[in-house]
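Shown next, in structure tokens, is the structure this report addresses.
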Amino acid sequence: MAVQLAAARAAAKVAKHTSSNRTVQRAARVVDEATDPHKFARRAGVLIPAAALGVVMMLAALFSSDSPHPSCASSNVVVFDGELDRVLATIRTLESRGDFQAQAAGATASGAYQFINATWGNYGGYPEAWQAPPDIQDAKAAEYATTILEAHGGDVAAVPVVWYIGHLPPAGSAEWDTVPYPDAGNVLTPRQYQTRWLTTYNIPTDGAAGDLPAVASPTCSGVVGVGDYRIPDGLVRLVGSQISWGGYTNGEIPLDAMRYSSNSGYLHPQASQAFDELHAAALADGFDFRGSGYRPAAAGGATAGTSNHGWGLAIDINALAVGTNDDAVAAAFTSDAYTWLTNNAPLYGFLNPDWAKPVILGGTGIGGHIGDSCCYLEPWHWEWAAFMNADTAP
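If you read the sequence shown in the numbering used here, its first letter stands for residue 1098, the second for the next number, and so on.
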């Protein structure tokens, strides 16, 4: 099922949609072969026969001028809209026929996506995948699928192969036509598995085939000039209990309602756009401010279901995430990176809230939670305060 572009619906000021040239994709780490959930846990008979090869599906870039969006020019952004729900549905179909409580015989693989326990990693507090509700299994699978897409330039055809054997063999490799780990129950070669997967992927689950986008080349996607990035006068923090958008609940926002960027993970569509612009500007000055945005309530912690991460409106910036050591935190607040953000982040609607800062920097010094522990100053935590000033319809 194709997902509408949430950001585009808010982009009343975008004049037109055009496709860009293929952008150079950032090299990403391929999932460690040793921990791939599907090498040791394939059950025979769960694959659905089909009849034809599919095509790679990606989006055209969105521009409001003849110049590329600055985040595309940075060659560090890969955005996937409109694909992920179909990718996940295809994986579920081939792995378990959509059975979220499936358990493989003789292995720890379980759930709709057949994650082994080592890869599942107690996600959301559930020891095994089959024990987790569908939305939690979907969230874990989305993270893994997104990693594969990033690593392979957005090529959907890479997803089934990496999911099956943990990596993409070189063209011409005999591995394409060799059944991997037959003792574990595998009966298909990577090429056969890919063919069946792509065929299933291209059978619409609702609507006509003609309703689905078919753009052949992966592109960087962005929306230019879709929001007012001004922070309202006097605003020093976002208050999660006073926020809502899209009719969603904090920490329970569907991934396809947000926008994904490799710079930030999932965020509210306009917040994601703004952060990509911030990231591009920072790169030009020598700073890499990638971080982690949306956090589902199921991830736990004292602020689960109330944090602005749960609204997709906050991001923890990796370069400043120094932990709880007082000296390291103090050094982060005086670093060039933090100074750059203090001077420039408000131009894109972001601020370090007052509770996260020491009094000497204009904060309250109260601090926030890390997991279940309180109270820590957080130079890494930045919120998209322009939400309170912008047209935030998804």
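From the three backbone atoms N, C-alpha and C, an ideal C-beta is built for every residue, glycine too.
Under 8 angstroms between C-beta atoms of residue i and residue j
i            : j            : result
residue 1465 : residue 1478 : yes
residue 1257 : residue 1291 : yes
residue 1480 : residue 1410 : yes
residue 1297 : residue 1190 : yes
residue 1333 : residue 1451 : yes
residue 1287 : residue 1267 : no
residue 1055 : residue 1326 : Residue 1055 lies beyond the stretch modelled for the chain, which goes from 1098 to 1491, so this question has no answer here.
residue 1328 : residue 1486 : yes
residue 1429 : residue 1417 : yes
residue 1365 : residue 1342 : yes
residue 1353 : residue 1181 : yes
Local conformation of residue i per DSSP, three classes
i            : result
residue 1188 : helix
residue 1474 : coil
residue 1361 : coil
residue 1335 : coil
residue 1265 : coil
residue 1212 : strand
residue 1342 : coil
residue 1448 : strand
residue 1193 : helix
residue 1234 : helix
residue 1204 : coil
residue 1412 : strand
residue 1068 : Residue 1068 is absent from the structure shown; the chain starts at 1098 and stops at 1491.
residue 1349 : coil
residue 1225 : coil
residue 1183 : helix
residue 1483 : helix
Residue i beta carbon near the ligand PLP (any heavy atom closer than 7 angstroms)
i            : result
residue 1371 : Absent from the structure shown: the ligand PLP. Ligands present: none.
Whole-number beta carbon distance between residue j and residue i, since they are thought to touch under 8 angstroms
i            : j            : result
residue 1415 : residue 1387 : 6 angstroms
residue 1205 : residue 1214 : 4 angstroms
residue 1371 : residue 1482 : Actually they do not touch by this definition, with Cβ atoms about 10 angstroms apart.
residue 1188 : residue 1210 : 6 angstroms
residue 1362 : residue 1389 : 5 angstroms
residue 1382 : residue 1437 : 6 angstroms
residue 1378 : residue 1440 : No, residue 1378 and residue 1440 are not in contact; Cβ-Cβ is about 11 angstroms, not under 8 angstroms.
residue 1369 : residue 1359 : So it is not a contact: roughly 11 angstroms between Cβ atoms.
residue 1394 : residue 1407 : 6 angstroms
residue 1434 : residue 1384 : 6 angstroms
residue 1253 : residue 1184 : 7 angstroms
8 angstroms Cβ cutoff, residue i in contact with chain C
i            : result
residue 1263 : The displayed structure is made up of one protein chain only, and chain C is not part of it.
Pairs of beta-carbons, one from the stretch 1341-1356 and one from the stretch 1461-1472, closer than 8 angstroms: are there three or more?
no
Examine the Cβ distances between the stretch 1237-1245 and the stretch 1390-1402 and report whether three or more of them are shorter than 8 angstroms.
The way I'd put it, the stretch 1237-1245 doesn't touch the stretch 1390-1402; fewer than three beta-carbon pairs between them come closer than 8 angstroms.
Touch check for the stretch 1222-1232 and the stretch 1266-1283: three-plus C-beta pairs under 8 angstroms?
no
Unbroken beta strand (DSSP E) runs of length 3 or more, entirely within the stretch 1358-1409: which are they?
1362-1364
Examine the Cβ distances between the stretch 1191-1200 and the stretch 1211-1228 and report whether three or more of them are shorter than 8 angstroms.
yes
Please give me, in chain order, every unbroken run of the beta strand (DSSP E) with length at least 3 that falls completely inside the stretch 1269-1299.
none
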